[in-house]
Amino acid sequence: MNIAVIGCGYWGSHILRNFNNSESWNLTIACDLDKKQLNKVKSQYPNVELTSNPEDIFKRDDIDAVAIATPVFSHFELAKSSLLSGKHTWVEKPLTSTVKEAEELLKIAEEKNLILNVDHTYIYTSAVQKIKELIDEGALGDILYFDSVRINLGLFQHDINVIWDLAPHDISILEYCTGKKAVSVNATGKCVMPYSDKNIENVAYLNINFDDGSIAHIHVNWLSPVKIRKIIFGGSKKMLVFDDMENAEKIKIYDSGVRIEKKEDIYESLIQYRIGDMVSPSISNKEALKEEVEHFYQSIKSSTNTMTDGEMGLRVVKILEAANQSLNNNGQLVPIL
Ligand SMILES: NC(=O)c1ccc[n+]([C@@H]2O[C@H](COP(=O)([O-])OP(=O)(O)OC[C@H]3O[C@@H](n4cnc5c(N)ncnc54)[C@H](O)[C@@H]3O)[C@@H](O)[C@H]2O)c1
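If you read the sequence shown in our numbering, its first letter stands for residue 31, the second for the next number, and so on.
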């Protein structure tokens, strides 16, 4: 199948490489508004056609699918044109800047019977696949809480705040692994380091409530001296820590927890601590994007949705939009509809 890539910047260069290396795809045309980016593509992939006008792609009948890796504010218009021109479409995370736009894309994809994939890359890592497998088979018990820290000296974005930039990773992992339904969110954050005329938050904290009473806390920050990518899944049977900065032991499962004993004549319950073994399952370090590129191809071939389809993209945008609303209202609790 012939693929076109729109947006050849930082992430687009990884997308180009993976589509180019794939046996299933023929990387046909690359598009970027910036001539310098196109020159880089030309030096790496001399046979790929180049354009600075996305319309050159949409009007071509020989292009089967389009991957969009441009800044978030441009996702909607480009993805809409791509779907309307009959192309299967891969859009970078987050799918769009608003829920309304995401819903419109889903509707067009459905009407035209096209695959809409949102690049929530983490889902295709062996670590996240393993976590889902463990949760599905009940190894952790019920997931009581989810706690994530995603902080570093990050790239200050000019069109989105740190929530829209980093939290899609945590929200998509949470969504995919637990299948929980988020019902409300509150978020606080600040532009602690002003860098443009817009007030773009660079540090933020999200609290998400789920319909089963469990909670998630997500801390995202572009202004941390250390890089931390750590998630705790607090299970009723076992606890799991996913540390993406670890090379060898990314996942650790702790057989730790508490047992609460009620004694009739004692006012307070007795808390028994269980500190058991820790195991770290071996997981492969296959490149997630390589897996996703192949999965996108297979999904188109078999007309089945990808693991990170438009529905997942929409659910993530719903939480992001509600979190932003809360942020602008001093951390007020906002329902997720
Ligand atoms: N999945 C992931 O893990 C991951 C990681 C990083 C970035 N991203 C996403 O990738 C997207 C791009 O981020 P980036 O860091 O590569 O940005 P970037 O600024 O490095 O690259 C964006 C490129 O798009 C080009 N562009 C902008 N508007 C265009 C248009 N209308 N038509 C054609 N080209 C256009 C720009 O010239 C630039 O070269 C964002 O949506 C971001 O959220 C995803």
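By construction, the Cβ of each residue, glycine as well, lies at the ideal position given by its N, Cα and C atoms.
Predicted, not measured: the structure shown is a model, and the values here were computed from it.
CB contact flag (residue i, residue j, <8 angstroms)
i              : j                : result
proline 101    : leucine 183      : no
aspartate 195  : histidine 247    : no
serine 286     : arginine 259     : no
isoleucine 98  : serine 112       : yes
serine 244     : leucine 363      : no
histidine 188  : serine 226       : yes
isoleucine 173 : phenylalanine 49 : no
alanine 132    : glycine 306      : no
asparagine 232 : cysteine 221     : yes
lysine 282     : serine 310       : yes
serine 156     : lysine 316       : yes
valine 96      : isoleucine 87    : yes
leucine 57     : leucine 68       : no
serine 52      : glutamate 291    : no
aspartate 123  : histidine 150    : Per the sequence shown, the amino acid found at residue 123 is lysine instead of aspartate. Yes, Cβ-Cβ distance for lysine 123 and histidine 150 is below 8 angstroms.
Ligand 2 heavy atom lying under 7 angstroms from the CB of residue i
i              : result
tryptophan 252 : Of the ligands one can find in the structure shown, namely ligand 1, none is ligand 2.
Residue environment, residue i, which counts as buried when at least 16 other CB atoms sit within 10 Å
i                 : result
serine 202        : buried
phenylalanine 103 : exposed
glutamine 302     : exposed
proline 224       : exposed
cysteine 181      : The residue asked about is misnamed: residue 181 is isoleucine in this sequence, not cysteine. So isoleucine 181 counts as buried.
arginine 345      : buried
asparagine 229    : exposed
glutamine 159     : buried
serine 314        : exposed
proline 365       : exposed
alanine 60        : buried
serine 82         : exposed
asparagine 354    : buried
alanine 212       : buried
aspartate 91      : exposed
Expected contact under 8 angstroms - CB spacing of residue i and residue j to nearest Å
i             : j             : result
threonine 338 : valine 148    : 5 angstroms
alanine 109   : leucine 350   : Not confirmed; about 17 angstroms, so no contact.
aspartate 166 : lysine 210    : At roughly 13 angstroms, the Cβ-Cβ gap does not stay under 8 angstroms, so aspartate 166 and lysine 210 are not in contact.
glycine 171   : serine 299    : Actually they do not touch by this definition, with Cβ atoms about 19 angstroms apart.
proline 76    : isoleucine 36 : The pair is not a contact, with the Cβ atoms about 20 angstroms apart (cut-off 8 angstroms).
Bridge partners - residue i, DSSP secondary structure assignment
i              : result
isoleucine 245 : Tyr175, Asn239
methionine 269 : Gly264, Tyr284
tryptophan 120 : Ala97, Asn147
arginine 259   : Arg180
arginine 289   : Gln302
serine 318     : Rather than serine, the amino acid found at residue 318 in this sequence is alanine. According to DSSP, alanine 318 bridges with nothing at all.
valine 364     : Val215
asparagine 191 : Paired residue(s): none; asparagine 191 is not in a bridge.
alanine 278    : Partner(s): none; alanine 278 has no beta bridge.
valine 250     : Arg180, Ala234
lysine 220     : Val233
valine 309     : Ile283
Beta carbon proximity, residue i to chain B, threshold 8 angstroms
i              : result
isoleucine 330 : Of the chains in the structure shown, none is chain B; there is only one protein chain.
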